[in-house]
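Numbering (the UniProt record's numbering), first residue to last: 1 to 644. Just below is one structure, and these are the notes that go with it.
Here it is as structure tokens:
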């Protein structure tokens, strides 16, 4: 086997795991409104167990219905009524010889009063989170004791349901971490002050769980190896915490990092390299004898294997990797790692959760809908279907149709598959887009799909196939506004610049600060150009997820660019561009030798209309229907092919 260490058996306490792959806790909001494990949640976790994951740790699981709500439709272990559905969840996972832990959680100050029916949020001390921006009320000593007992009760409920173990969430700035950290714990009673007092709640909790659930019931504790905030926990503090937890009888330490206020250090954007924080787990593992689980932004099995070889950790946390591909582990085990649908670090999963919706994934449209998209109807009977366009939407549609036993002919006008992915992976630090593209291309190659590259499909060409349906995924064209001077040769599109079709010269003005505009601006600045970034909206980066925007702009600002939000392009001039302040109408000229348009795209409606007029069964997907992102294209291609 290629990845021998990754697929070795391992032990957490007296519990044997079939491999070293752990799916760490990630919020999914798939539970019922009362907190019970729904059919949708059970199916979601079952898919990962079927995909050969060794240990699954559930999403943040509520132990307190009054002040402990972290998300909508959150799994709960607060009452005996939760046991039957948890039992079904455990049974579904156990069918595949996988194990499952429930992660016991309380958000403390990192939640919102709107989730608590308007009640004030609580914390060890009245220290406001600068992300949540709501002042918490300090818990009384009696309330602290009550919360400790709620965690213990949650563990008893989990064990009663047949769950294999529990994990106490003491990381990421949530309540237990708030007790541990001097940054958030300003108490003067038995739960504050000295190190021993700050960790006391964990000592009491672990002792009680071991007493009530038995010494052989595994307990993992998730900690932040570094909170990455001034005055917060540092690595040396976390080493001390880990050693102390070991002395309390904990069976494993799960190492992560960060709190809400250090944002991207918890859930990294795609720009962060794999293994960037491995030093945290490495040092903690050197100081304990119990197993260490660690998340390290891992996307590829080869990197996971390397971390095990280096002794970074004993078990590899693969979180978003198993959102993007529920068969991540199985593909690695069976030598099909080149088919893995790779996470691109776009944070769409967290964006959807933050808007009150259930989990979804930009590159895996089945996430959260595994029950709805349970089985492919294999009714194609080798009938021909034509797919026009080999971008992410077209490739996804072709793959689904092929699995349904249609004979798929995929037309792509360029020399390679990928479409917009061939542009999206060109800016700095976009290697994960390349991994996604290569994985999709490999899947197409291995699913008996006839691919005609370098072929601009025409109606006549497609008619020769006599298809039962046509999927039009021909993409879109960059928006070029009709303004004075726009025909000037200095005006180019971001797509042309990123693809290398044209080369920018001298000073550059980038018009539009969506993701493409910002990434193009950074890339040009890195190449040595003086860059002006101009945006009509009041703020730069409209629509970009905050963590990604902060990360991107943090790098871009180091080049001292001129950034002009609230300015509209009025004309292209000999010296550069004329822009108008949207608020007061004042005009100003910005010097530029190259003007790069990043104003979005418009569907190729003429081509769509031509195919719709010529065939009875036409499905239009992705940018050909409406300008969007990878998530819209992939979801569109999957959904329409699934029900065709």
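Backbone N, C-alpha and C define an ideal beta-carbon position, used for all residues, glycine too.
DSSP bridge partner residues for residue i (one or two, in chain order)
i, result
"residue 411", "388 and 452"
"residue 578", "571 and 589"
"residue 268", "The partner list for residue 268 (beta bridge, DSSP) is empty, contrary to what the question assumes."
"residue 172", "259"
"residue 603", "476"
"residue 99", "55"
"residue 7", "Paired residues: none, contrary to the question."
Spatially closest choice to residue i from the options, by CA coordinates
i, options, result
"residue 451", "114, 418 and 332", "418"
"residue 268", "471, 130 and 551", "551"
"residue 347", "264, 332 and 230", "264"
"residue 150", "63, 345 and 639", "63"
"residue 123", "164, 191 and 546", "191"
"residue 512", "31, 344 and 536", "536"
"residue 57", "274, 169 and 81", "169"
"residue 301", "284, 311 and 338", "338"
"residue 645", "555, 457 and 61", "Lying before the first or after the last residue shown, residue 645 is absent from the chain, which here runs from 1 to 644."
"residue 628", "392, 306, 533 and 445", "392"
"residue 76", "60, 116 and 286", "60"
"residue 389", "154, 634 and 181", "634"
"residue 128", "112, 277 and 270", "112"
"residue 370", "342, 326, 412 and 394", "326"
"residue 47", "91, 83, 33 and 602", "91"
"residue 282", "294, 585 and 172", "294"
"residue 204", "227, 153, 187 and 159", "153"
"residue 421", "2, 509, 623 and 454", "623"
"residue 592", "461, 498 and 507", "507"
"residue 229", "218, 213, 261 and 494", "261"
"residue 344", "141, 548, 184 and 117", "548"
"residue 286", "316, 182, 242 and 275", "242"
Buried versus exposed, by CB contacts within 10 Å (16 or more), residue i
i, result
"residue 613", "exposed"
"residue 24", "buried"
"residue 258", "buried"
"residue 401", "buried"
"residue 29", "buried"
"residue 581", "exposed"
"residue 211", "exposed"
"residue 95", "exposed"
"residue 440", "buried"
"residue 522", "buried"
"residue 453", "exposed"
"residue 66", "exposed"
"residue 489", "exposed"
"residue 466", "exposed"
"residue 567", "buried"
Which of helix, strand or coil DSSP assigns to residue i
i, result
"residue 197", "helix"
"residue 166", "strand"
"residue 110", "coil"
"residue 74", "coil"
"residue 156", "helix"
"residue 596", "strand"
"residue 565", "coil"
"residue 482", "coil"
"residue 358", "coil"
"residue 529", "coil"
"residue 55", "strand"
"residue 547", "helix"
"residue 304", "helix"
"residue 437", "helix"
"residue 61", "strand"
"residue 247", "helix"
"residue 615", "coil"
"residue 222", "strand"
Close Cβ partners of residue i (< 8 Å) along its chain, the five nearest in sequence each way excluded
i, result
"residue 11", "17 and 291"
"residue 394", "387, 388, 410, 412, 419, 471, 473, 621, 622 and 637"
"residue 573", "485 and 589"
Chain-order list of residues whose beta-carbon lies under 6 Å from that of residue i (same chain, five-residue window excluded)
i, result
"residue 352", "360"
"residue 638", "365, 396 and 400"
"residue 85", "36 and 37"
"residue 544", "515"
Own chain partners of residue i with C-beta closer than 7 Å, once the 5 adjacent residues on each side are dropped
i, result
"residue 404", "376, 377, 378, 379 and 380"
"residue 174", "105, 106, 107, 108 and 110"
"residue 443", "339 and 399"
"residue 610", "459"
"residue 68", "62, 106 and 107"
"residue 598", "494, 510, 511, 512, 514, 516, 517 and 520"
Proximity test, residue i beta-carbon vs the ligand NAD heavy atom, cut-off 7 Å
i, result
"residue 473", "This structure lacks the ligand NAD, and indeed carries no ligand of any kind."
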